[in-house]
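Enquirer:
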Amino acid sequence: MKLTTRSRMALAALTPFVAASLVACGGDGTGDAAPIPPPPTAQAQIDATNYLDAFWAGAFGVSRIADALTLLDNAFTNVLRAGDIAQTYTCSGGGTLTLVRTGTVRTLSFASCIIDRAVYVSGTLTSPNAMAITLSGATYVGSGDFTLSGLVYRTVGGDGINQTLNGTLTLLRRSDQTVQLSGGFGLTRNARTDTYASLLATFAPRDIVIPATVNTGSFTLATPRFSASPLTVSGNASGLAITAPDQTRLRGLAGSQGSLTSVSYEVTPAGSSAPNLTQTLATTDPQVQSAIARVLQ
30 MKLTTRSRMA LAALTPFVAA SLVACGGDGT GDAAPIPPPP TAQAQIDATN
80 YLDAFWAGAF GVSRIADALT LLDNAFTNVL RAGDIAQTYT CSGGGTLTLV
130 RTGTVRTLSF ASCIIDRAVY VSGTLTSPNA MAITLSGATY VGSGDFTLSG
180 LVYRTVGGDG INQTLNGTLT LLRRSDQTVQ LSGGFGLTRN ARTDTYASLL
230 ATFAPRDIVI PATVNTGSFT LATPRFSASP LTVSGNASGL AITAPDQTRL
280 RGLAGSQGSL TSVSYEVTPA GSSAPNLTQT LATTDPQVQS AIARVLQ
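Next up, the structure:
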């Protein structure tokens with residue numbers, strides 16, 4: 030049994046909240062994980078049959094939010110620093126992006142453009158009002174509304190599966206370099222779409238060369254990969270909390286801050302203050318690996 034790239038990416042997100050140095054959700058294979066059982070029967074609660082699915086759906090959700098922030102922040106900041114000229118730019122890792130301007134509206138089109146640890150194969154990113162800000166002598170995107178349209182991407186060195194982003198996000202960078210992201214988007218993978226709504230996340234101070242790290246945040250998640258939806262996901266430095274439609278609650282904490290090799294799970298029924306399930310599992314556990322595979326199938 031091995032700890033896969035994709036589980037390392039999502040688990041690393043748990044320090045703090047659920048998003049430190051996450052990249053796209055695709056990873057390598059599940060190694061010698063147990064066979065993937067079918068998803069649980071549809072229900073509106075989190076229980077012993079599906080708590081792992083709920084947790085990892087939330088964890089990879091935060092990964093995707095970090096991906097979205099990295100995309101729009103890095104792409105627009107690089108264009109602004111290069112003079113904000115309508116032309117084709119070479120991306121730092123290869124490929125190109127093309128800026129088209131119509132009045133105040135900027136549209137970026139991607140062609141196998143590598144940004145951070147993702148390849149943006151095609152699609153567009155549009156902003157009618159992106160504004161620059163200068164902090165410590167460097168230019169960044171300071172604020173703006175952004176529309177992601179048919180943005181196809183995959184992880185560099187990942188499992189090779191393309192994922193497609195569509196949605197609208199708003200970015201606000203503060204003078205202390207913290208970044209707030211709000212809005213919502215859908216991510217389609219293997220012909221199924223996960224929808225993230227009511228998103229509000231605050232990222233730690235970052236330059237565009239620093240991986241996106243969420244300090245606090247919340248969002249709802251509707252996904253065919255998990256029977257109970259929409260799930261409400263929130264978190265901070267103490268961990269990740271997920272609530273099902275019937276108010277069943279799940280809490281997850283990284284079991285080891287250093288090696289990030291396990292997660293402690295706690296499920297509390299609706300209307301109760303006492304958990305009825307507590308479990309600590311290594312990320313290499315076949316149950317965990319199967320849940321991760323179901324989230325990404």
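Residue numbers for the sequence shown, in the working numbering: 30 to 326.
Glycine residues also receive a C-beta, built at the ideal position from the N, C-alpha and C atoms.
Which residues mark the beginning and the end of the beta strand (DSSP E) in which N265 is found?
Expert: Counting along the chain, the beta strand (DSSP E) containing N265 begins and ends at 260-265.
Enquirer: Could you check the C-alpha separation between G187 and S165 for me, to the nearest Å?
Expert: 35 Å
Enquirer: Here's the rule: buried if 16 or more other CB atoms are within 10 angstroms of the residue's CB, otherwise exposed. What is I114?
Expert: By the beta-carbon neighbour count (other beta carbons within 10 angstroms, threshold 16), I114 is exposed.
Enquirer: Tell me, please, which residues DSSP counts as bridged to Y80.
Expert: Paired residue(s): none; Y80 is not in a bridge.
Enquirer: Quick one: what's got a C-beta closer than 7 Å to R130's C-beta in the same chain, skipping five residues either side?
Expert: A115
Enquirer: Ignoring anything shorter than 3 residues, give me the beta strand (DSSP E) runs that lie fully in the region 114-191, in order along the chain.
Expert: Within the region 114-191, the complete beta strand (DSSP E) runs of at least 3 residues are 117-119, 125-131, 134-140, 142-144, 147-156, 160-164, 167-184.
Enquirer: Is the beta carbon of R218 less than 9 Å from the beta carbon of N195?
Expert: no
Enquirer: Between the region 296-303 and the region 316-325, do at least 3 Cβ pairs fall closer than 8 Å?
Expert: The region 296-303, when compared against the region 316-325, does not touch it at the 8 Å Cβ threshold.
Enquirer: If I162 sits next to R110, beta carbons under 8 Å apart, how far is it from one beta carbon to the other, in whole angstroms?
Expert: For I162 against R110, the beta-carbon gap comes to about 12 Å, at or over 8 Å, which does not count as contact.
Enquirer: Residues in the same chain with beta-carbon distance under 6 Å from T99, minus the five sequence neighbours each way, listed in chain order, please.
Expert: D145, A241
Enquirer: Output needed for G55: all residues of its chain with C-beta closer than 6 Å, excluding positions within five of it in sequence on either side, in chain order.
Expert: Unreliable placement is indicated for G55, whose pLDDT of 40 sits below 50; the coordinate value is still reported in the next sentence. Scanning its chain for C-beta atoms nearer than 6 Å, with the 5 sequence neighbours on each side dropped, one finds around G55 the residues R183, T184, G187, D188, I190, in chain order.
Enquirer: Start and end of the beta strand (DSSP E) containing I75?
Expert: Segment: none, I75 is in no beta strand (DSSP E) and carries neither H nor E.
Enquirer: Closer than 8 Å is the cut-off here; do at least three beta carbon pairs connect the region 205-217 with the region 227-238?
Expert: yes
Enquirer: Considering only the alpha carbon of each residue, which of A73, T193, F84, T222 lies closest to V7?
Expert: Because the chain in this structure spans residues 30 to 326, residue 7 falls outside the shown range and cannot be described.
Enquirer: Decide if S156 is buried, meaning its Cβ has at least 16 other Cβ atoms within 10 Å, or exposed.
Expert: Counting Cβ neighbours within 10 Å, S156 comes out buried, since at least 16 surround it.
Enquirer: Inspect the beta-carbon positions of N107 and A257 and report whether they are closer than 9 Å.
Expert: no
Enquirer: Look up N305 in the DSSP assignment and say whether it is helix, strand or coil.
Expert: coil
Enquirer: Taking all protein chains shown into account, do 16 or more other C-beta atoms lie within 10 angstroms of the C-beta of S92, making it buried, or fewer, making it exposed?
Expert: Counting Cβ neighbours within 10 Å, S92 comes out buried, since at least 16 surround it.
Enquirer: Put D314 into one of helix, strand or coil per three-state DSSP.
Expert: DSSP places D314 in coil when its eight states are reduced to three.
Enquirer: Expressed to the nearest angstrom, what Euclidean distance is found between the alpha-carbon atoms of A251 and T222?
Expert: 9 Å
Enquirer: By DSSP, does G281 sit in helix, in strand, or in coil?
Expert: G281 sits in a strand when the DSSP states are folded into three classes.
Enquirer: Kindly indicate which three-state DSSP category L237 falls into: helix, strand or coil?
Expert: Position check: residue 237 holds Ile in this sequence, whereas Leu was assumed. The answer is coil: DSSP assigns I237 none of H, G, I, E or B.
Enquirer: DSSP three-state label for T99, please.
Expert: helix
Enquirer: Does N107 come out as helix, strand or coil in the three-state DSSP assignment?
Expert: The answer is helix: DSSP assigns N107 an H, G or I state.
Enquirer: Output needed for N103: all residues of its chain with C-beta closer than 7 Å, excluding positions within five of it in sequence on either side, in chain order.
Expert: I144, D145, I237
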